[in-house]
Amino acid sequence: MAKQGTEPPSASRGSSVSVRTTVWWPPGKREKAPKEKPSQPPVRQPRQGPTNEAQMAAAAALARLEQKQPRARGPTSQDSIRNQVRKELRAEATVSGNPEAPGSNTAPEPKEEGPAHLAVPGVYFTCPLTGAILRKDQRDARIREAILMHFSTDPVAASIMKIHTFNKDRDRVKLGVDTIAKYLDNIHLHPEEEKYRKIKVQNKVFQERIHCLEGTHEFFEAIGFQKVLLPIPDQDGPEEFYVLSEAALAQPQSLERHKEQLLSAEPVRATLARQRRVFRPSPLASQFDLPADFFNLTAEEIKREQRLRSEAVERLSVLRTKAMREREEQREMRKYTYTLLRVRLPDGCLLQGTFYARERVAVLYGFVREALQNDWLPFELLASGGQKLSEDENLAFNECGLVPSALLTFSWDAAVLEDIRAAGTQPDMSILKPELLSAIEKL
24 MAKQGTEPPS ASRGSSVSVR TTVWWPPGKR EKAPKEKPSQ PPVRQPRQGP TNEAQMAAAA
84 ALARLEQKQP RARGPTSQDS IRNQVRKELR AEATVSGNPE APGSNTAPEP KEEGPAHLAV
144 PGVYFTCPLT GAILRKDQRD ARIREAILMH FSTDPVAASI MKIHTFNKDR DRVKLGVDTI
204 AKYLDNIHLH PEEEKYRKIK VQNKVFQERI HCLEGTHEFF EAIGFQKVLL PIPDQDGPEE
264 FYVLSEAALA QPQSLERHKE QLLSAEPVRA TLARQRRVFR PSPLASQFDL PADFFNLTAE
324 EIKREQRLRS EAVERLSVLR TKAMREREEQ REMRKYTYTL LRVRLPDGCL LQGTFYARER
384 VAVLYGFVRE ALQNDWLPFE LLASGGQKLS EDENLAFNEC GLVPSALLTF SWDAAVLEDI
444 RAAGTQPDMS ILKPELLSAI EKL
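If you're matching positions, the sequence shown starts at 24 in the numbering used here and goes up one per residue.
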């Protein structure tokens, strides 16, 4: 018969001991007494305070967040920063073909296939020789064709354009051009000396500085030099020379003019087409769906940037040093080559144009001024948050945070408004030229 268990020997037998419930032990078995918990709570280690460096960084971060004055370089509150990050994430997701923007909790709206939904179909350029509108990937080939076609009408100008445009090493071009100019100066200063009218093609200086450049041979022939084989004393066989013709020698003013044209010429470059468009008032004014041309990144880099921007929202609460912030700002500035800007006018209409990200704010003022009926009246352009962008400041769009797209607001100069109201009238809401209003579109 099993016998009744007793208290473990370690238990106190005094009157203060609480009553324990008795249990039946199996034969030959005895339950070990449970260990009593300590009556005193464990001693907690004191928490280490923040270091001096962490306190200084925290104070600097709080000072930046509490600053009330809006700045042109971007948002100053965490909410506005998050909104800007999410907007750019949506734009980049559209470019990469990913319909869901990282970091967004809302489902994307369905969009049409093709470029119909894009804010602009792409980045285009204008050929300065033909006026043709070119795609970004057509620029070099089409300009090359236009220069070669120009030989039939003006071979001197065409050869000069070829020298400055086809050769990409600007230092070598300058060295070659200066050497050609020296040849022509010698002829101009010493027209009676025959040795200056002949240029040995195999001459070391000619080979290293001139022969290696595209367009130089065409230039010599266009200004009156002829290639001839001349005998060399004490040498077997003739050598090739450029010899100035008598007709060209009789017109020294022409040689001088051609030399100045050669020295002052610049490479022929396609100019960025502004693609100016005017839209009716729209609640979608601040939404930009940009094509891949606006991003100076490959498809893989765009995906990586999306991931980095998703992480950026979380990093906003992490303290960063000034050097870290400046490095990130420089990285943002280099990312974009172009920017699409819209200006909201007093009547709500939108004026849109494409710009280089490195162009200055004054260029945008000129773009807007060209579209106004009264282009002589002073006006202001305001960024988001009401920050005025001064026309006199030498700031680029990427330095102002206006990349890869931005919406600005047009406002007449305060003194102009006062004069108009003092005259008992109201400012005209429609300020664009009639020909632009006739081509207005729906956004």
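All C-beta atoms, glycine included, are put in the ideal place defined by N, C-alpha and C. As the structure is a computational prediction, the values presented were derived from the model and not from experiment.
The beta carbon of residue 397 lies closer than 8 angstroms to those of 454 in the same chain, with the five residues before and after it left out.
The stretch 257-270 and the stretch 193-201 do not touch, with fewer than three beta-carbon pairs separated by less than 8 angstroms. Boundaries cannot be given for residue 225, as no alpha helix (DSSP H) includes it and DSSP labels it neither H nor E. Per DSSP, residue 379 lies in no alpha helix (DSSP H); the unbroken beta strand (DSSP E) holding it starts and ends at 373-379. In terms of CA proximity to residue 407, 426 leads the group 163, 426, 154, 386.
Taking the C-beta atoms as reference points, residue 170 is found nearer than 9 angstroms to residue 291. Residue 233 counts as buried, since no fewer than 16 other beta carbons sit within 10 angstroms of its beta carbon. Straight through space, the alpha carbons of residue 245 and residue 182 are spaced by roughly 8 angstroms. Cβ-Cβ distances below 6 angstroms link residue 392 to 398 in the same chain, with the five nearest sequence neighbours on each side left out; the list follows chain order. Taking the Cβ atoms as the reference, residue 148 lies roughly 6 angstroms from residue 296, within the contact range of under 8 angstroms. DSSP places residue 210 inside the alpha helix (DSSP H), whose first and last residues are 193-212. Secondary structure of residue 263 (DSSP, three-state): strand.
Each residue's CA atom was taken as its position, placing residue 235 and residue 160 some 27 angstroms apart. A residue is called buried when at least 16 other Cβ atoms come within 10 angstroms of its Cβ; residue 377 meets this threshold and is buried. Going by beta carbons, residue 145 and residue 189 fall outside the 9 angstroms limit. In this structure, residue 382 sits away from residue 429, with a CB-CB distance that is not shorter than 9 angstroms. Burial check for residue 258: the Cβ neighbour count within 10 Å stays below 16, so the residue is exposed.
If you look at residue 182, you'll find it isn't in any beta strand (DSSP E); it sits in the alpha helix (DSSP H) that goes 178-189. Under the three-state reduction of DSSP, residue 420 is assigned to coil, being neither helix nor strand. Beta-bridge partners of residue 156 (DSSP): 149. Take the alpha-carbon of residue 221 and the one of residue 260: they are about 18 angstroms apart.
Non-local beta-carbon contacts of residue 247 in its own chain, meaning distances under 7 angstroms to residues more than five positions away in sequence, involve 267, 268, 270, 271 in chain order. Using a Cβ-Cβ distance cut-off of 8 angstroms, the stretch 368-377 and the stretch 296-316 are in contact, since at least three pairs of beta carbons, one from each stretch, lie closer than that value. Annotated three-state conformation of residue 444 is helix, per DSSP. Residue state for residue 434 is assigned as strand, using DSSP reduced to three classes. By a beta-carbon distance limit of 8 angstroms, residue 414 contacts residue 384. Their separation comes to about 6 angstroms. If you check the CB distance, residue 278 and residue 363 do not come in under 9 angstroms.
Residue state for residue 455 is assigned as strand, using DSSP reduced to three classes. With a beta-carbon spacing of about 6 angstroms, residue 187 and residue 196 fall inside the 8 angstroms limit used to define contacts.
Shown here for residue 141: same chain residues with a beta carbon closer than 6 angstroms to its own, the five before and five after excluded, namely 312, 314 in chain order.
For residue 242, the enclosing alpha helix (DSSP H) starts and ends at 239-245.
If you compare the alpha carbons of 462, 466, 211, 457 with that of residue 273, the shortest gap goes to 211. Assignment of beta-bridge partners to residue 300 by DSSP yields 375.
The C-beta separation of residue 401 from residue 436 comes to about 4 angstroms, placing the pair in contact by the 8 angstroms criterion.
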